[in-house]
Structures are given as structure tokens and as C-alpha cells.
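> Got a structure for you, written out below as C-alpha cells; questions coming shortly.
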Amino acid sequence: MVDIRLRMYWSIILQQLIIIIIAMSYITITFACLSNPCPCSTRCSCLQQPVRRQQSSYAAPFMPLNKLPAPYQVGEKIPPGKCDFVIDSKLRKRGSILSPTYPGTYPKNFRCTYLLNGRTNQRIRLLFRDFDIYFGGEHCPYDSLTVYDGPNNKHPIIRKLCGLQQRMVIYSFGPSAFIEFNTTSPAKADPRGYSLDYEFSNRYVDVLKMMDNQLGITHLRGSECDLLVRSNRETTHFIHSPEYPLMYPANTTCTFIIDGLQGEQNLEEVILTFEKFAVLSETIDRPSSANYNDDDDDDDDDEPCATSYVGIAFVPASIKSVLSSGEESNYDAVICDRIKDGSPVLGPYISDGPRMVLVFNSNEKISKGDGQEPLGFKAKIQFKTDFGIPGKPVGDSNQCMFQFTKPRGWFNSPRYPVNYPLDTNCTYIIKAKPDEQIQVYFEQFALYFDEHSSVETSCADFLEISDVFVKNGVETLQLQARYCANTFPGPTVTAFGSHELRVFFLSNHEGTGNGFKAIYQIRKAFAEEIPTKAVARHCGQRITRTDDLTSGWFVSPGYPIKYNKDLICDWEITVRPNHQILLHLVKMEIEGSMTAESVNCQNAVIRVDTERGVGAGPAVQEICGTDESIIQPIISKNNTVRIRFFTSPDKVNGLKGFNFTWTEVKKITGKYLF
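Residue numbering for the sequence shown follows our numbering, beginning at -5 and increasing consecutively.
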């Protein structure tokens, strides 16, 4: 059985070789007759002369050619060139162009040009049926065929080609095109050359009408109706199907590549909304499977939008897939039929990044419509600044202000994880209900830091966290802390009685960094500001000085056993008026690190507020790490001090914790009395 298959295989190969040899012999003899003196007076008698057949690569020695055979005479010859032609649509609307000696090896050190001239409203379609030109590199430095979008080689290049191409289609923008074929003389394989069809027609899409003189919309050269829509910073554009509002042409595909700004200082998103939509499609029944169940819904076997549709890709992976293959299954959304005004199907569609791609496709056969107008689609494109922040935008499109109300989420610096832009300020509003509190912890924090900056300028870029209090409709902000490049914020929670957190970020014009990302979660608020007794997640106590209690100590939960994650502890110490409180850190094993230059309390932090009291300003000291010797004794500003201890709700290493002592003191003539 195997032998029979082998014999059949070799028989087919042999037949193909015989056909090729006969064809090459015919071409060789024909060129020999045309380029060498021959005593015979007729073509038939000339072909009877003994001619030695040479290899296909021999064709070049027969140049210069006085006259090309009929298949290669594609138009009016331009003297004195050997292979220069003008093809006029008045004489021929369609035809073929073959390389010299096609499908034999083309001559070396040779040049052919073809000028295609159409009428005013015509465009030219070139179909490359076969293309095999020596590939010498990406930019075709040796042999090449170049198509120009105009009447000579001074006009823009549509495409410069070499190597292998199959079934490629190119359209001119206007009524003329210029094709230039050049060969050189390095050693090559035996490339066939090219065979392409041309057609002049006014039925191709009028791209000038589609662009509608809009700034930022350009035609993608070589395509029938592909357009590039570019932002000019926060601009608005309109696109529509061919011939809109009339019936769109059949068998037409137009791709709209929509690009917002993208750079170190600019990043935009694309917002697309259809104003009118009526791309009519027929439903195709899918073949029934062997496992077909009579109880199945018949609609499940229908393929919607099978013939004409608009496909939208707004996710980077989908965009890449669509531009490489154009298959319908790669779109993020596919729309067809007549869509009523006000339908959510009309959008808006928002890009996940600075680019969106829309593809309009019509079937080979289209209906006469549904008796209504308009037909096709018209869409509005808006470019808006994309800060890359997931909250709900508040204010103008170019204003970096976002609101968060979901039970859990995150917020970040503009464009995180890439560097944030210069001269930017952003506000993040996190709102909870009256019986809830807001917890925040940071995954990343890296602001710009200049090693040569002074103390005054080291906090040029910063982030502030404030509690929002509302009383009688009046909003008051109380600053929790400000963080600069040398401080990694620890976990925090809204103050008791506050149900809104306001975060403010500012960058200046000097430098930039990766920025920050923070997680927030909204939880049920504690019943007490300072717990009477420890409850789940809330520990601490209220300590009041008495005659029998003028000093004492307080420790982290379970000290010296490891503390847990997701802890919020509050201590408040109060002594007699006109007295102060001295805090001394006896022992500390809290994950994180502190140096003279920086503080990183990402997963656990002790916060000491020494300015508790009405009208007092924030003076919060953040403490963490394992070196208690760097923490100097702390003196309160008045007779009350507040200490808070937070651990991340996500994960902690769980070290031993801390041990503080406190003592009532009174300052007299520069000295503290115990």
C-alpha cells in the first residue's frame, strides 16, 4: 500500500516538472527569437530552428530587449525605456501586470515602471496574485517593487515589497499610482517575479467624504477605507460608515484605529458612543451537532451578526488580536441590526488604555434595507485624560478627582505603575455610611526624591490623608498625616465619628517616581472611640491619672507573644491640667524599619499624637522597627496623649510587639518634675 502511494506521489511530481520545463522552454525560445537575429521569416519557422535550452536564470543576458512579448506589453510604452508603460483607464479599466519573463527568473540589473492613470473620481485597486522577489532584508535593499500613491516616485510610498506575498490588496488614495520594479545583481535563488491585477473604478469608498475635513483623521495608505483618528488633546471627532446616511456598499471592510495621546506627560482614554446605528445582518443557522437535544433553545444555534457588523476592541489583548487577524471572535463587542436611540448598546465604550479599534464589515450581498433611515452608523469619539485611577470621576474630564463608595477597592497615583506626570494634583474621596469606618493600607509607595534636595524641598511631592467631619452641613477636614518620598505609610483608619476619608496627592515640576497603590475597605464602625474592654479587632484602653496612679505601662496585645494581623488599638492617657505625659519605649519588635533618613512602616505602625485637644494641630509620630534606641522619650504638648497601633489586614510577620511606660510630669523652668 505504501509503495502504491509513493508511486502516485512521484507520478504527480513528475507531471508538474514536465509542465514547468515545457513552459520555461517556450519562454526561452520566444525571447531568443525576439532578441537575436533569425533567418526565419515567420514565428513558426523560427521556432523550428535548433535552440539550446538554458537554465531559467539565463534570461538576463538577452537584455536589452527591443520588444517585450504581448503578455508583458501592459500599456503604452514610454520610450526610450525597455520596460516603462502608461496604463490609462480610458483605454483599459482592468488588466494584469507581469514581471519580465514571469513565471521565469526575472533579469538582473533591470528596471520597470508602470504609471496608472485614472479619471478624477476613480481609485485603483491592485491585487497581487503571485509575488516572489528576492528577499534581501527587512527594507528590501536589493530587489524590490515599490508602489507610490501618485503619478511618480516623488509621491508618498504605499508599500515597498520583496520576498513572498500572496493575495495582497492595495488601493490608491486618488486616481493615479506609480509602480517601480528594480533588480540588482547579487547571487539569488530563482524568484518568479510578480503577477498582479489592476482595476480602475469609482465604486471604491470615497475616503475624503469619510474624513470630512476633520483635523486628526487621516487615511491609512494602501487601504480602501481604513482611517486613523488621532487626538489633539481632549478633542472630539465623528466617524461613520461609507455612504452614511445611505446604504453602505457591499463586501467592504473599514478599520478605524483610534489613538489618544500617550507620553510621559499625557495619557488619554477613548470614549466611543454611537449616535445612530443600523448595520443590518442576517442570522445564520449553525449546523446541528450529533448531541443535539430537542429541548435546547433554537436561538442557541443561531449565529448573530454573521454577515454585516461593527466590531469593537478596547482591551489591549483584543486590539492586538484584531489588528493581526481581524477575526470577529476577537472583538470585545460586536453590534448589528438597527439599534433604538437611548439603548445601552449604543455605548459609551471606554478603552482600557490610549487605543481603541473599530471594524465595519459588510457582506458580499446586502439587503435593500429595512425601509428606515439612516443606514450604517455614526459615532462620536471623545478623547479624555486617562489618569488610570479606578474610581468614579468627579468634576471636569481633565480634573484628577475620583470618588470611591464600593465596600472594597483600591486607588493609586496617576498612571501607576508607570511614573506619575509632573505638576499634577489628585483628590481621592472615599465615602462610607454613618455607621461605617474606612481602613486603608498601602501596597506601594515611591515618590520622587532628589538626593541633593534640602529639608525644605525634600517633600515637594507628597500625599496627605485627612478625616472628613460634617456637622450641620459644614464640612471640616482634620489632617491625619503627610507622607513624602522618605516615608512609607503604615495602615490607617478613619477617626471616630468620621465616615469619609480624603486623600490628596501632589507632584511638582522637578521629577517623578512610580507613585503609590493603596487598598481600602469599608467596615462597620466601632461602638467606642476608646474601648472599655477589648473586642475583636479593637483593643486598647483609656488611662486616667489618679493619686494612686501617676505612672504606668501599656503593651501591644499579647505582648511578648506575636501580634496578629488586622489590629486596631487605641490608648488615651490623661493627666492633671497643666501637666504633661512622658512616654518611654522600653521594648519594640514591630516589622518595618526606621533610620535617620527614612521610615517604612508598611505592615505595622505605632502612631503617637502628642497634640490631642481642641484646636491642636497634628503632631503624629510614626514608629516601627526593632531598634528602640533611636526613639527618644516623647513629651506630650498638653495633658492628653493618644497612641494608636495598626497592623495590616492582609498579612503581617507577627513579631513580639512593644512595651511603653508613661509618667505624669510638670515642666518648671526648663526642667521636668516627676
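Ideal placement from N, C-alpha and C gives every residue a C-beta, glycine not left out.
With a CB to CB cut of under 6 Å and the five nearest residues on each side skipped, what residues in its chain are close to arginine 409?
Here residue 409 corresponds to residue number 415 of the sequence shown, with the count starting at 1. Closer than 6 Å at Cβ, skipping near neighbours: Leu261, Gly382.
> Whether or not the stretch 157 to 172 and the stretch 110 to 126 are in contact is what I'm after, with contact meaning three or more pairs of Cβ atoms, one per stretch, closer than 8 Å; do they touch?
Flag = yes, the stretch 110 to 126 and the stretch 157 to 172 touch.
> My output table needs one value for leucine 155: the three-state DSSP class, helix, strand or coil.
Locating residue 155 in the sequence shown gives position 161, counting from the first residue. Leucine 155 falls in the strand class under three-state DSSP.
> Identify, in the order they occur along the chain, each residue of the same chain with its Cβ nearer than 6 Å to the Cβ of histidine 357, setting aside the five sequence neighbours on each side.
Taking the sequence shown and counting its residues from 1, the one referred to as residue 357 is at position 363. What sits at residue 357 in the sequence shown is asparagine, not histidine. So the list reads Thr301, Ser302, once near-sequence residues are dropped.
> Can you find at least 3 beta carbon pairs, one from the stretch 464 to 480 and one from the stretch 511 to 529, that sit closer than 8 Å?
No: the two stretches stay apart, fewer than three of their Cβ pairs being nearer than 8 Å.
> Once the 5 residues before and after glycine 648 are set aside, which same chain residues still bring their CB inside 7 Å of it?
To locate residue 648, count along the sequence shown from 1; it is residue 654. The residues are Lys556, Tyr557, Asn558.
> Using only alpha-carbon positions, find the residue among Val328, Gly403, Ser312, Lys314 that is nearest to cysteine 299.
Position 305 of the sequence shown, counting from 1, holds the residue named residue 299. When only C-alpha atoms are compared, the closest one is Val328.
> Provide the residue span of the alpha helix (DSSP H) that contains proline 314, from first to last.
In the sequence shown, the residue the question calls residue 314 occupies position 320. The question names proline, but residue 314 is lysine in the sequence shown. First-last of the alpha helix (DSSP H) with lysine 314: 310 to 319.
> How big is the Cα-Cα spacing for valine 353 and glutamine 159?
Position 359 of the sequence shown, counting from 1, holds the residue named residue 353. Position 165 of the sequence shown, counting from 1, holds the residue named residue 159. Going from the Cα of valine 353 to the Cα of glutamine 159 covers about 24 Å.
> Would you give the residue range spanned by the beta strand (DSSP E) that lysine 511 belongs to?
For the purposes of this step, residue 511 is taken as residue 517 along the sequence shown, with counting starting at 1. 509 to 518 is the span of the beta strand (DSSP E), which, as asked, contains lysine 511.
> Does the beta-carbon of leucine 110 have 16 or more other beta-carbons within 10 angstroms, so that it is buried, or is it exposed?
The count along the sequence shown starts at 1 and reaches residue 110 at position 116. That one is buried.
> Beta carbon of aspartate 672, beta carbon of alanine 426: below 8 Å?
The shown model of the chain, from -5 to 668, leaves out residue 672, and the question about it has no answer.
> Whole angstroms is fine: what's the gap from histidine 234's alpha carbon to proline 368's?
Translated into positions along the sequence shown, residue 234 becomes position 240. Translated into positions along the sequence shown, residue 368 becomes position 374. About 11 Å.
> Starting from the C-beta of asparagine 285, find all residues in its chain whose C-beta is less than 6 Å away, skip the five residues before and the five after it, and write them out in chain order.
In the sequence shown, counting from the first residue as 1, residue 285 sits at position 291. Caution applies to asparagine 285, whose pLDDT of 44 falls short of 50 and renders its modelled position unreliable; the value that the coordinates give is listed next. Nothing meets the Cβ criterion.
> Can you give the Cα-Cα distance for serine 50 and glycine 98, rounded to whole angstroms?
By 1-based counting over the sequence shown, the position of residue 50 is 56. By 1-based counting over the sequence shown, the position of residue 98 is 104. Confidence in serine 50 is poor, its pLDDT being 40 and thus under 50, which makes the residue's placement unreliable; the coordinate value appears in the next sentence. Their backbone Cα atoms lie some 6 Å apart in a straight line.
> Rounded to the nearest angstrom, how far is the Cβ of proline 551 from that of leucine 561, given a contact under 8 Å?
Walking along the sequence shown from the start, residue 551 turns up at place 557. Walking along the sequence shown from the start, residue 561 turns up at place 567. Confirmed, Cβ separation roughly 6 Å.
> Over the uninterrupted alpha helix (DSSP H) stretch that includes lysine 182, give me the two end residues.
In the sequence shown, the residue the question calls residue 182 occupies position 188. Careful: lysine 182 lies outside any alpha helix (DSSP H) and carries neither H nor E.
> Express the C-alpha separation of arginine 606 and arginine 636 in angstroms, rounding to a whole number.
In the sequence shown, counting from the first residue as 1, residue 636 sits at position 642. In the sequence shown, counting from the first residue as 1, residue 606 sits at position 612. One C-alpha to the other measures close to 7 Å.
> Near serine 179, what residues of its chain come up, given a Cβ to Cβ distance below 6 Å and the 5 sequence neighbours on each side ignored?
Here the question's residue 179 lines up with position 185 in the sequence shown. If we look at serine 179 and ignore the five residues flanking it on each side, its Cβ neighbours are Lys102, Asn103.
> Tell me valine 549's beta-bridge partners as DSSP assigns them.
Counted from its first residue, the sequence shown places residue 549 at position 555. DSSP lists Asn653 as partners of valine 549.
> Helix, strand or coil for leucine 340 per DSSP?
The count along the sequence shown starts at 1 and reaches residue 340 at position 346. The answer is helix: DSSP assigns leucine 340 an H, G or I state.
> Just curious, the beta strand (DSSP E) that leucine 139 is in, first and last residue?
Position 145 of the sequence shown holds residue 139. Element bounds for leucine 139: 138 to 142.
> Express the C-alpha separation of isoleucine 459 and glutamate 469 in angstroms, rounding to a whole number.
The residue given as residue 469 occupies position 475 in the sequence shown. The residue given as residue 459 occupies position 465 in the sequence shown. Each residue's Cα considered, the two are about 15 Å apart.
> Quick check on the burial criterion: 16 or more other C-beta atoms within 10 angstroms. Buried or exposed for proline 150?
By one-based count along the sequence shown, residue 150 stands at place 156. Flag for proline 150 reads exposed.
> Taking the alpha-carbon positions, what's the threonine 95 to arginine 113 distance?
Taking the sequence shown and counting its residues from 1, the one referred to as residue 95 is at position 101. Taking the sequence shown and counting its residues from 1, the one referred to as residue 113 is at position 119. The alpha-carbon atoms of threonine 95 and arginine 113 are separated by roughly 31 Å.
> Taking the beta carbon of tryptophan 656 as the centre, do at least 16 other beta carbons fall within 10 Å, making it buried, or is it exposed?
As a working mapping, residue 656 is identified with position 662 in the sequence shown. Buried, because 16 or more other Cβ atoms sit within 10 Å of the Cβ of tryptophan 656.
> Within the continuous alpha helix (DSSP H) that includes valine 201, where are the two ends?
In the sequence shown, counting from the first residue as 1, residue 201 sits at position 207. That run of the alpha helix (DSSP H) goes 201 to 205.
> In terms of residues, what are the limits of the beta strand (DSSP E) holding alanine 598?
Locating residue 598 in the sequence shown gives position 604, where the first residue counts as 1. From DSSP, the beta strand (DSSP E) with alanine 598 extends over 598 to 603.
> Here's the rule I'm using: 16 or more other beta-carbon atoms within 10 Å means buried, otherwise exposed. How should alanine 53 be labelled?
Along the sequence shown, read from residue 1 onward, the residue named residue 53 stands at position 59. Model confidence at alanine 53 stands at a pLDDT of 42, short of 50, so the residue's coordinates are unreliable; what they give is reported in the following sentence. Result: buried.
> Check whether the Cβ atoms of glutamate 616 and asparagine 597 lie closer than 8 Å to each other.
Residue mapping note: residue 616 aligns to position 622 of the sequence shown, counting from 1. Residue mapping note: residue 597 aligns to position 603 of the sequence shown, counting from 1. Result no, Cβ atoms of glutamate 616 and asparagine 597 do not sit closer than 8 Å.
> Sort out for me which residues DSSP pairs tyrosine 435 with in a bridge.
The residue given as residue 435 occupies position 441 in the sequence shown. Answer is Ile513, bridged to tyrosine 435.
> Skipping 5 residues on each side, what residues in its chain have a beta carbon closer than 6 Å to that of valine 163?
As a position in the sequence shown, residue 163 is number 169, starting the count at 1. Hits under 6 Å: Leu121.
> Would you call proline 485 buried or exposed, if buried means 16 or more other Cβ atoms sit within 10 Å of its Cβ?
Locating residue 485 in the sequence shown gives position 491, counting from the first residue. It counts as buried.
> Per DSSP, what kind of secondary structure is glutamate 237 in: helix, strand or coil?
Working through the sequence shown from its first residue, we reach residue 237 at position 243. Note: glutamate 237 maps to coil in three-state DSSP.
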